[in-house]
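Each protein sequence line maps, in turn, to chains G and P.
Residues in the first sequence are numbered consecutively from 246, following our numbering.
Residues in the second sequence are numbered consecutively from 2, following our numbering.
Here a beta-carbon is modelled for each residue, glycine too, at the ideal position from N, C-alpha and C.
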Amino acid sequence: MEAVGLDVLTWMVDFLSGLFVDPFFAVARRPDKLVQILIQGVSAGVMYSLIALGFVLIFKASGVFNFAQGIMVVFAGLSVVVLIEAGVPAILAIAGAVVVMIVMAFAIERLVLRPLVNQDGIILFMATIGLAFFLEGFGQIIFGADPKPVPVDALMIPDGKIKVLGGLLGKPVRIYELDLTAAGFGALMVAAIIVFLNRTKIGRALRAVADDNQAALSVGIPLRTIWVLVWSLAGIVAIFAGVMWGAQSQAGFSLAVLALKALPVLILGGFTSVPGAIIGGTIIGVGEKLGEFYWRGVMGDGVEQWLGYVIALIVLLVRPQGLFGEKIIERI
Amino acid sequence: MQGHVQTAEVPAAARPLLSVNNIEVIYDHVILVLKGVSLHVPKGGIVALLGANGAGKTTTLKAISNLLRTERGDITKGSIEFAGEPIDHMNTNELVRRGIIQVMEGRHCFEHLTIEENLLTGAYTRRGGAEVRRDLEMVYAYFPRLKERRTSLAGYTSGGEQQMCAIGRALMSRPRMMLLDEPSMGLAPQLVEEIFEIVHRLNQDEGVSILLAEQNTNVALRYATYGYILENGRVVMDGDAAALRNNEDVKEFYLGVSASGRRSYRDVKHYKRRKRWLA
Numbered sequence: 246m247e248a249v250g251l252d253v254l255t256w257m258v259d260f261l262s263g264l265f266v267d268p269f270f271a272v273a274r275r276p277d278k279l280v281q282i283l284i285q286g287v288s289a290g291v292m293y294s295l296i297a298l299g300f301v302l303i304f305k306a307s308g309v310f311n312f313a314q315g316i317m318v319v320f321a322g323l324s325v326v327v328l329i330e331a332g333v334p335a336i337l338a339i340a341g342a343v344v345v346m347i348v349m350a351f352a353i354e355r356l357v358l359r360p361l362v363n364q365d366g367i368i369l370f371m372a373t374i375g376l377a378f379f380l381e382g383f384g385q386i387i388f389g390a391d392p393k394p395v396p397v398d399a400l401m402i403p404d405g406k407i408k409v410l411g412g413l414l415g416k417p418v419r420i421y422e423l424d425l426t427a428a429g430f431g432a433l434m435v436a437a438i439i440v441f442l443n444r445t446k447i448g449r450a451l452r453a454v455a456d457d458n459q460a461a462l463s464v465g466i467p468l469r470t471i472w473v474l475v476w477s478l479a480g481i482v483a484i485f486a487g488v489m490w491g492a493q494s495q496a497g498f499s500l501a502v503l504a505l506k507a508l509p510v511l512i513l514g515g516f517t518s519v520p521g522a523i524i525g526g527t528i529i530g531v532g533e534k535l536g537e538f539y540w541r542g543v544m545g546d547g548v549e550q551w552l553g554y555v556i557a558l559i560v561l562l563v564r565p566q567g568l569f570g571e572k573i574i575e576r577i
Numbered sequence: 002m003q004g005h006v007q008t009a010e011v012p013a014a015a016r017p018l019l020s021v022n023n024i025e026v027i028y029d030h031v032i033l034v035l036k037g038v039s040l041h042v043p044k045g046g047i048v049a050l051l052g053a054n055g056a057g058k059t060t061t062l063k064a065i066s067n068l069l070r071t072e073r074g075d076i077t078k079g080s081i082e083f084a085g086e087p088i089d090h091m092n093t094n095e096l097v098r099r100g101i102i103q104v105m106e107g108r109h110c111f112e113h114l115t116i117e118e119n120l121l122t123g124a125y126t127r128r129g130g131a132e133v134r135r136d137l138e139m140v141y142a143y144f145p146r147l148k149e150r151r152t153s154l155a156g157y158t159s160g161g162e163q164q165m166c167a168i169g170r171a172l173m174s175r176p177r178m179m180l181l182d183e184p185s186m187g188l189a190p191q192l193v194e195e196i197f198e199i200v201h202r203l204n205q206d207e208g209v210s211i212l213l214a215e216q217n218t219n220v221a222l223r224y225a226t227y228g229y230i231l232e233n234g235r236v237v238m239d240g241d242a243a244a245l246r247n248n249e250d251v252k253e254f255y256l257g258v259s260a261s262g263r264r265s266y267r268d269v270k271h272y273k274r275r276k277r278w279l280a
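What follows is the structure, encoded as structure tokens:
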């Protein structure tokens with residue numbers, strides 16, 4: 246009996262030190278690895294944020310959790326790729342994808358949102374699940390089911406790597422130019438969206454609709470126009486996300502599943518906050534990569550798969566509106 | 002109309018700014034809410050629409066501003082005219098452009114926007130930044146309290162301030178006519194008086210015509226020029242505000258005063274009214 250107790254005890258000690266002590270030794274041994282992982286985490290986080298951003302826009306303006314956001318990313322990415330494959334210049338291909346996404350926004354407003362106006366959020370959510378299935382089938386008819394490589398050269402996305410900090414850390418750290426581009430464009434896009442929401446008349450109207458759509462209607466804000474606008478905007482964000490995700494691996498329908506990775510990001514950052522999507526994405530991205538590398542020894546492979554959800558769960562217990570979500574205003 | 006108070010019809014020369022002609026409203030294709038309501042608001046007038054809960058006051062206002070459709074309501078009979086033009090089946094956005102705007106019951110401010118942003122959304126249908134700025138100052142002149150709180154989130158302001166914000170927001174659209182739904186709801190008597198005083202000044206100084214749905218019959222009839230009483234989706238009585246105030250039935254049913262002195266509204270309830278008015 247005593248021997249078994251001792252076994253359990255040593256195992257516990259090993260496990261806990263594996264979780265909370267060993268990683269620090271590992272960092273001390275190879276500081277360059279830590280920096281490398283942090284950079285990888287941030288760039289993964291930017292990618293998650295790009296998808297989360299589309300969710301936030303639609304959730305803010307119409308209170309709909311858009312399950313179809315992932316497939317919209319695939320749709321947008323494939324539109325660009327197919328147009329370039331057909332010999333259209335890159336700029337025009339992107340413009341073409343913008344048109345595709347705007348047409349899609351009009352169609353969704355007309356066929357899905359309008360008949361369901363004033364229904365519960367859960368009904369609209371179900372409708373977007375249906376929409377996701379429809380778009381997946383429809384997309385495979387148009388684009389074919391096979392994943393396609395993104396023509397990085399035609400889009401003029403740099404895909405080399407830069408080595409930095411070699412002198413300081415002993416071994417150089419690699420940064421992929423693709424990640425840098427994604428981060429740069431992502432930051433630009435977020436800045437543009439924040440300015441649009443806070444400084445323009447239409448942005449203000451959009452936030453008004455998010456708060457109280459009946460009242461917005463009563464002061465003469467046309468809900469349909471706002472909805473088309475916000476779905477178009479989410480579509481345009483999706484083009485960027487689709488191209489960047491596609492450039493990392495391939496543009497194909499399996500990418501739609503990645504949209505689920507945006508869920509913990511949304512819970513962490515808050516469903517209604519644009520900066521929240523970015524910061525949430527970064528935290529989840531970095532957390533996952535750190536966990537994957539330093540906890541692999543004690544937890545086994547695949548830490549990356551679930552750690553984000555655990556982080557989200559903990560946040561949910563402490564702050565249900567997320568780190569940056571709108572305050573839940575209670576009047577007493 | 003089968004009113005007890007005999008008053009002359011609205012003079013034909015002064016054509017009413019708004020006329021609602023015998024409208025019937027049905028919700029969800031089955032629930033008949035308004036059973037033929039007619040009313041007129043003259044240019045520059047304050048008209049009160051009185052009645053108990055569920056009488057159809059809000060539905061009447063929403064029929065005019067066409068907020069009905071989002072609640073699955075439909076005008077099935079009758080017509081509505083504004084400045085001589087038929088406006089039923091025009092959407093709300095178009096109506097606001099034409100100068101008719103509703104201030105909804107229960108304030109409905111945009112909680113996560115500041116007071117100033119709330120006011121600015123009222124100008125959504127307008128162009129021209131300079132003019133909008135000027136009107137913002139005008140609203141602040143009418144509601145100095147809003148100016149003090151311009152940067153606070155509307156959700157954190159008091160009920161009175163929210164009501165002011167809602168009225169100010171409507172004012173930003175430069176309306177010719179405002180439909181006020183229950184502005185006194187949930188406010189202290191002193192604040193109610195303050196808000197009605199401002200509404201009165203808006204009517205006098207800015208020439209905004211007002212259709213006012215109220216349960217607070219006493220206050221409404223002091224500020225209005227004309228009144229309609231709704232019961233069960235019908236207009237059961239209408240007349241000049243002064244005449245309504247002195248009418249024995251109105252006194253008894255709505256003001257809680259009768260020939261035999263003050264009495265509880267509870268004791269005179271429906272059976273008696275039904276006998277006299279609806280039989």
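Mapping DSSP to helix, strand and coil, what is residue 83 of chain P?
-> strand
Give a yes or no on whether the minimum CB-CB distance between residue 83 of chain P and chain G is below 7 angstroms.
-> no
Beta-carbon proximity list for residue 362 of chain G, same chain, < 8 angstroms, skipping 5 on both sides | 468
Residue 122 of chain P at chain G interface by Cβ criterion, 7 angstroms | yes
Identify whether residue 71 of chain P lies in helix, strand or coil by the three-state DSSP scheme.
-> helix
Span of the beta strand (DSSP E), counted from its first residue to its last, around residue 212 of chain P | 210-215
Check whether the Cβ atoms of residue 66 of chain P and residue 126 of chain P lie closer than 7 angstroms to each other.
-> no
Under three-state DSSP, which class holds residue 240 of chain P?
-> strand
Cutoff 7 angstroms: residue 201 of chain P Cβ touching any chain G Cβ = no
Residues in the segment 89-116 of chain P with C-beta within 9 angstroms of chain G's C-beta atoms, listed in sequence order?
-> 92, 93, 94, 95, 96, 97, 98, 102, 103, 104, 105, 108, 109, 110, 111, 112, 113 and 114
Taking residue 174 of chain P as the query, report the chain G residues whose CB atoms sit under 7 angstroms from its CB, ordered along the chain.
-> 464 and 465
Check the C-beta distance from residue 329 of chain G over to residue 321 of chain G and give it rounded, since I have them as a contact under 8 angstroms.
-> With 8 angstroms as the limit, residue 329 of chain G and residue 321 of chain G do not qualify as a contact, their Cβ atoms being about 13 angstroms apart.
For residue 38 of chain P versus residue 236 of chain P, is the C-beta spacing smaller than 7 angstroms?
-> yes
Could you name the residues of the segment 211-235 of chain P whose beta carbon sits closer than 8 angstroms to any beta carbon of chain G, in the order they occur along the chain?
-> none
Residue 191 of chain P burial status per 10 Å Cβ neighbour count (16 or more: buried) | exposed
At 9 angstroms on the CB atoms, spell out the chain G contacts of residue 171 of chain P, in chain order.
-> 463 and 464
Which residues in the same chain have their Cβ closer than 6 angstroms to the Cβ of residue 7 of chain P, if we skip the five residues on either side of it in sequence?
-> Unreliable positioning characterises residue 7 of chain P in this predicted model, as indicated by a pLDDT of 46, which lies under 50. The coordinate reading is nonetheless provided below. Nothing listed; no residue qualifies.
Excluding five sequence neighbours on each side, which residues of the same chain lie with their C-beta closer than 7 angstroms to the C-beta of residue 369 of chain G?
-> 309 and 361
List the whole-angstrom C-beta distance separating residue 516 of chain G from residue 480 of chain G, where the pair is believed to meet the contact cut-off of C-beta under 8 angstroms.
-> Going by Cβ atoms, the distance from residue 516 of chain G to residue 480 of chain G rounds to 19 angstroms, so no, they are not a contact pair.
Inter-residue spacing [alpha-carbon to alpha-carbon] between residue 316 of chain G and residue 501 of chain G | 5 angstroms
Thinking C-beta only, is residue 483 of chain G closer than 7 angstroms to residue 326 of chain G?
-> no
What is the rounded straight-line gap between the Cα of residue 137 of chain P and the Cα of residue 383 of chain G?
-> 50 angstroms
Any residues in the segment 125-148 of chain P with a beta carbon nearer than 7 angstroms to a beta carbon of chain G? Which ones, in chain order?
-> 125 and 126
Report yes if the C-beta distance between residue 431 of chain G and residue 295 of chain G is below 7 angstroms; otherwise report no.
-> yes
Residue 171 of chain P by DSSP, collapsed to three states: which one?
-> helix
Excluding sequence positions up to five away, which residues of its chain have a Cβ less than 6 angstroms from the Cβ of residue 565 of chain G?
-> none
Which residues bound the beta strand (DSSP E) around residue 36 of chain P?
-> 32-42
Short Cβ contact (7 angstroms threshold) for residue 49 of chain P with residue 225 of chain P | yes
When the Cα atoms are used, what is the spatial distance from residue 187 of chain P to residue 504 of chain G?
-> 45 angstroms
So is residue 122 of chain P buried or exposed if we call it buried at 16+ other beta carbons inside 10 Å?
-> buried
For residue 193 of chain G, collect the residues of the same chain with a Cβ closer than 7 angstroms to its Cβ; drop the 5 residues on either side in sequence, then sort them by chain order.
-> The shown model of chain G, from 246 to 577, leaves out residue 193 of chain G, and the question about it has no answer.
Per-residue contacts from residue 118 of chain P into chain G (C-beta, under 7 angstroms) = 449
Could you say which of P/216, P/107 and P/79 lies nearest to residue 156 of chain P if we only look at CA atoms?
-> P/107
Residue range of the unbroken alpha helix (DSSP H) whose run includes residue 446 of chain G | 446-456
For residue 419 of chain G, does the three-state DSSP call read helix, strand or coil?
-> strand
Give the range of the beta strand (DSSP E) segment to which residue 103 of chain P is assigned.
-> 101-104
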